[in-house]
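One structure is given below, encoded as structure tokens.
Protein chains in written order, with this note's numbering: chain R, 1 to 457; chain S, 458 to 514.
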């Protein structure tokens, strides 16, 4: 008799199989219907090649049917993912790399007689420092003469938001939150400037598609010409070179000069780095949540063996952090764009498919460095609310208190009424001691700031 | 336009792919000719093992 299993709430659309959880491990059920495609994936050498090129999430085949279902063909145990993020939490370069991985995977599949039947960012995750396909069942046999079924989906989920970001300055994570299924061609075409019509690739993939979409009738238009495999490969190559050449125009944001042009002294910065390093060394941890990470200077101090989720509300900072971890091959860091006062909500069918950020994120250690004044003063959140929040996400809290006489706080209060009579160290400690045990308290050299290490009661 | 909302996201894109394929076919034809000429004058450095793994080629 089989053990009880939990069907994953986000895995129901594809009849080829589904994800389930059993005793804390995630497995993939491969249905008998998918047998031919699965066998081709394995026997054609496609799976092997994708694994070699680090484009597919590694998995092992199990001969055990945990589900007891009659339509069972195989059970797969994929490499377990420590953290899942969604496109509405990604910066430009992250969505771009996920797009390029998708195109590379599809081109390799085509060479082996297969094709991707869907192309959405939810099938692609950052694993071991590379955006990889996590859905083993997205491959299907390609029959000569067929078009790429996921072409429109690819454009809407990847190409269109990237183009809009480049040409209008809108951020990809905000676009993806508004359009979780992708930005339609008509919307994109309306947002892009006229000059993009002069670019042949953008014209074909966006403007022409928008024009045709509006005119097309429900019946599939009969065309005399058939598409060949070579045609699809050319479309994939063209999309690849178009996306490779996309980059965000350089601009100064609120935070990207924070470290270089800040009024805070250099001593402060180097002393703080030393202090945080030594604190991290004194704690045992496997996971870290760095909130308000900026460009991740302090996330990078965490040990390589630990999973580090670095969040900031500024997508440019997260973009730079992502580029940096790519260059430095820091595979343990997961950068995400999160506004702590508006964290990603639960989305999808019955709000169950894509859980809210804090429903999938907890850590041994939480770092809140130079963050508290942004929440307490800029957003009027009380110390009691902050303590309750931190207690819900971590066991150990490394938190920096920024006093009122600090130049940053003074700057924040310069143009607004000071209604923060309760903003002081004593009341901060009082609120946090309700839920936490104080382990360490020390001043940060080169500033008036104080660093605390709290352990949850 | 409203009728389209009931369609699968993949459908309706056959015709556009035919058109794009035709245009790209022409571009690739000229490009490969150009690359053939260029190959006589420009040497491309061989890829490292890592680059080979990270690209599709």
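Heads up, the beta-carbon is just placed ideally off N, CA and C, and yes, glycines get one too.
For clarity, every value in this text was computed on a predicted model and none was experimentally measured.
Within the stretch 480-498 of chain S, contact with chain R at the beta-carbon level (separation under 8 Å) is assigned to 480, 481, 482, 484 and 485. A contact between stretches requires three or more CB pairs, one per stretch, nearer than 8 Å, and the stretch 404-411 of chain R meets this requirement with the stretch 444-455 of chain R. The shortest C-alpha to C-alpha distance from residue 309/R to any of 85/R, 54/R, 56/R and 38/R is the one to 85/R. Cβ contact annotation for residue 7/R (same chain, cutoff 7 Å, sequence separation greater than five): 18 and 20, in chain order. Residue 235/R belongs to the set of residues whose beta carbon lies under 7 Å from a beta carbon in chain S.
Taking 8 Å as the Cβ-Cβ cut-off, the stretch 201-212 of chain R approaches chain S at 204, 205, 208, 209 and 212, given in chain order. Within chain S, the residues placing a beta-carbon under 7 Å from that of residue 148/R are 474, ordered along the chain. In the DSSP assignment, residue 289/R falls within the unbroken beta strand (DSSP E) covering 287-291. Taking CB atoms only, residue 86/R has no neighbour in chain S less than 7 Å away. Shown here, residue 339/R sits in a strand according to DSSP, grouped into three states. Residue range 46-52 is occupied by the alpha helix (DSSP H) that includes residue 52/R. Here residue 382/R carries a coil assignment [DSSP, helix/strand/coil]. For the pair residue 157/R and residue 183/R, the Cα-to-Cα distance works out to about 6 Å. Using a Cβ-Cβ cut-off of 7 Å, residue 28/R does not count as an interface residue toward chain S, since no Cβ of chain S sits closer than that to its own. In summary, no residue of the stretch 239-250 of chain R has a CB separated from any CB of chain S by less than 7 Å.
A residue is called buried once 16 or more other Cβ atoms fall within 10 Å of its Cβ, and residue 350/R, having fewer, is exposed.
Proximity to residue 230/R across 181/R, 113/R, 243/R and 195/R peaks at 113/R, based on C-alpha coordinates. Residue 424/R and residue 176/R have their C-alpha atoms roughly 39 Å apart.
Distance from the Cα of residue 326/R is smallest, within the candidate group 4/R, 94/R, 65/R and 80/R, for 94/R. Residue environment analysis places residue 193/R among the exposed positions, since fewer than 16 neighbouring C-beta atoms fall within 10 angstroms of its C-beta. In its chain, beyond the 5 residues on either side, 445 and 446 have a beta carbon closer than 8 Å to the beta carbon of residue 267/R.
The Cβ neighbour count for residue 61/R, taken over all protein chains shown within 10 Å, is under 16; the residue is labelled exposed. Separation of residue 48/R and residue 123/R (C-alpha to C-alpha, rounded to the nearest whole angstrom) is 19 Å. Residue 310/R is bridged by DSSP to 290/R and 335/R. Around residue 162/R, the same chain offers 92, 95, 96, 99, 172, 243 and 246 as residues with beta carbons nearer than 8 Å, after the five sequence neighbours per side are excluded. Taking the beta carbon of residue 115/R as reference, no residue of chain S falls within 7 Å; the closest one sits roughly 11 Å away. DSSP places residue 270/R in the uninterrupted alpha helix (DSSP H) bounded by 266-281. Burial of residue 117/R is indicated by the presence of at least 16 other C-beta atoms within 10 angstroms of its C-beta. Within the stretch 8-77 of chain R, the alpha helix (DSSP H) runs of at least 4 residues that lie entirely inside it are, in chain order, 35-43 and 46-52.
Three or more pairs of CB atoms, one per stretch, sit closer than 8 Å, so the stretch 280-290 of chain R contacts the stretch 364-372 of chain R. At least one beta carbon of chain S lies nearer than 7 Å to the beta carbon of residue 231/R.
In the structure shown, residue 393/R falls within a helical segment according to DSSP collapsed to helix, strand and coil.
Annotation: the continuous beta strand (DSSP E) that includes residue 364/R extends over 363-368. Against chain S, the CB of residue 225/R has a partner CB under 7 Å away; the residue lies at that interface. Residue contact with chain S for residue 324/R: absent (no Cβ-Cβ distance below 7 Å to any residue of chain S). In this structure, the beta-carbon distance from residue 165/R to residue 121/R does not fall below 7 Å.
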